[in-house]
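Enquirer: For what it's worth, my numbering labels the leading residue of the sequence shown as 127, then goes sequentially.
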Amino acid sequence: MPSRPASTTTSNRTRKRPEERRAEIVDAAAAIALDEGMERITLRAVAERLGVRPGLITHYFPAAEDLVVEAFTRASATERELFFPTGDRTPVGRLAHFVDHMERGLSAPLARLWLNAQHLSRFVPALDTALQQQDALDRERLRSIIVDGVASGDFGRPAGAGIAANRRGTEQTQLDVETAARRILLAVDGTGSYINSSAEVDPVQRGFVADVAEWTLGLAPGTLRATAAASADSAAPSA
Numbered sequence: 127m128p129s130r131p132a133s134t135t136t137s138n139r140t141r142k143r144p145e146e147r148r149a150e151i152v153d154a155a156a157a158i159a160l161d162e163g164m165e166r167i168t169l170r171a172v173a174e175r176l177g178v179r180p181g182l183i184t185h186y187f188p189a190a191e192d193l194v195v196e197a198f199t200r201a202s203a204t205e206r207e208l209f210f211p212t213g214d215r216t217p218v219g220r221l222a223h224f225v226d227h228m229e230r231g232l233s234a235p236l237a238r239l240w241l242n243a244q245h246l247s248r249f250v251p252a253l254d255t256a257l258q259q260q261d262a263l264d265r266e267r268l269r270s271i272i273v274d275g276v277a278s279g280d281f282g283r284p285a286g287a288g289i290a291a292n293r294r295g296t297e298q299t300q301l302d303v304e305t306a307a308r309r310i311l312l313a314v315d316g317t318g319s320y321i322n323s324s325a326e327v328d329p330v331q332r333g334f335v336a337d338v339a340e341w342t343l344g345l346a347p348g349t350l351r352a353t354a355a356a357s358a359d360s361a362a363p364s365a
């Protein structure tokens with residue numbers, strides 16, 4: 127009697143390379159962080175989102191804390207590209223995009239994530255380190271815009287800077303790029319601290335980052351909003 131042929135049935139589940147699987151896990155955790163909050167990142171929650179067993183997540187991340195930190199880093203990096211896209215915009219146009227992204231509420235998921243991470247970092251030193259690293263990367267992107275704007279002549283000193291400098295006995299001859307970047311990001315953090323409030327957003331609050339940026343960089347009030355509107359009009363399909 128002929129022997130029974132071996133089964134040719136194979137699993138429908140594709141075996142992924144370790145680096146691909148790890149990236150997939152981090153992406154899923156980052157999505158949970160943005161959608162539901164960092165406290166919702168558990169090995170089981172990530173496994174359910176990917177349709178795998180929790181043991182697979184544990185294999186790559188024995189400690190859930192490590193996954194939380196990597197998820198925050200991945201989510202921050204992804205959102206950063208939305209704030210600071212590459213392209214041929216002018217420095218004013220790039221800054222206007224940055225501000226408009228926030229004023230239209232498109233940055234709300236990141237603002238919630240950032241506020242969430244700042245709270246949890248009290249108890250997770252590795253998350254505090256990640257926060258500082260991501261803050262430095264954001265600041266570097268913003269500094270790049272400011273440096274280009276100073277070089278092009280679009281950005282100058284804040285209104286009244288010379289008066290304040292003279293009172294200190296010194297004269298400020300050019301814009302302090304690092305100080306300018308920090309001022310603008312402090313305005314971002316300040317408005318972001320209200321992100322979980324159910325109250326209606328006041329116009330003063332909505333426009334605060336633009337106000338601070340325009341004052342800091344010597345732009346006329348309303349410049350950034352007008353630039354963003356003009357960019358949107360030019361990008362809209364013609365009738």
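Built from N, CA and C at the ideal position, the CB exists for glycine as well.
Assign Phe224 to one of two classes, buried (16 or more other C-beta atoms within 10 Å of its C-beta) or exposed (fewer than that).
Expert: As a first step, residue 224 must be located in the sequence shown, where it is residue number 98. Result: buried.
Enquirer: Can you round the beta-carbon distance between Ile183 and Ile151 to whole angstroms, since I take them to be within the 8 Å contact cut?
Expert: For the purposes of this step, residue 183 is taken as the residue at position 57 of the sequence shown. For the purposes of this step, residue 151 is taken as the residue at position 25 of the sequence shown. Indeed they touch by this definition, with Cβ atoms about 6 Å apart.
Enquirer: Using CA coordinates, which residue listed in Arg206, Ser270, Leu221 is at the minimum distance from Thr349?
Expert: Start at 1 with the first residue of the sequence shown, and residue 349 comes out as number 223. Of Arg206, Ser270, Leu221, the residue nearest in Cα terms is Leu221.
Enquirer: Look at the alpha carbon of Tyr320 and the alpha carbon of Arg141, and state the distance between them as a whole number of angstroms.
Expert: Looking up residue 320 in the sequence shown gives position 194. Looking up residue 141 in the sequence shown gives position 15. Whole-angstrom Cα-Cα distance: 44 Å.
Enquirer: With a threshold of 16 other CB atoms inside 10 Å of the CB of His185, please say whether the residue is buried or exposed.
Expert: Within the sequence shown, numbered from 1, the residue matching residue 185 stands at position 59. That one is exposed.
Enquirer: One question on the structure: do Ala190 and Leu169 come within less than 8 Å of each other, judged by their Cβ atoms?
Expert: Residue mapping note: residue 190 aligns to position 64 of the sequence shown, counting from 1. Residue mapping note: residue 169 aligns to position 43 of the sequence shown, counting from 1. The answer is yes: Cβ separation under 8 Å.
Enquirer: Using beta-carbon positions only, say whether Phe281 and Gly344 come within less than 8 Å of one another.
Expert: The residue given as residue 281 occupies position 155 in the sequence shown. The residue given as residue 344 occupies position 218 in the sequence shown. It is a contact, given that the beta carbons lie within the stated cut-off.
Enquirer: Is the separation between the beta-carbon of Leu263 and that of Leu253 shorter than 8 Å?
Expert: Walking along the sequence shown from the start, residue 263 turns up at place 137. Walking along the sequence shown from the start, residue 253 turns up at place 127. Cβ distance not < 8 Å, so Leu263 and Leu253 don't count as in contact.
Enquirer: Using a Cβ-Cβ cutoff of less than 6 Å, which residues in the same chain neighbour Leu176 once the five nearest sequence positions on both sides are dropped?
Expert: What you label residue 176 is simply residue 50 of the sequence shown in a count that begins at 1. Closer than 6 Å at Cβ, skipping near neighbours: Ala154.
Enquirer: Return the residue from the list Ala197, Arg309, Gly279, Asp226 that minimises the CA-CA distance to Asn242.
Expert: Taking the sequence shown and counting its residues from 1, the one referred to as residue 242 is at position 116. Asn242 has its Cα closest to that of Ala197, out of Ala197, Arg309, Gly279, Asp226.
Enquirer: DSSP on Tyr106, reduced to helix/strand/coil?
Expert: Absent from the model: residue 106. The displayed extent of the chain is 127 to 365, so no value can be given.
Enquirer: Compare the Cα-Cα distances from Ala306 to each of Val338, Arg230, Glu162 and report the closest residue.
Expert: Numbered from 1 along the sequence shown, position 180 holds the residue referred to as residue 306. The option with the nearest alpha carbon to Ala306 is Val338.
Enquirer: Where does Ser357 sit, in a helix, a strand or coil, going by DSSP?
Expert: Taking the sequence shown and counting its residues from 1, the one referred to as residue 357 is at position 231. In the structure shown, Ser357 sits in a helix (DSSP, three-state: H, G or I).
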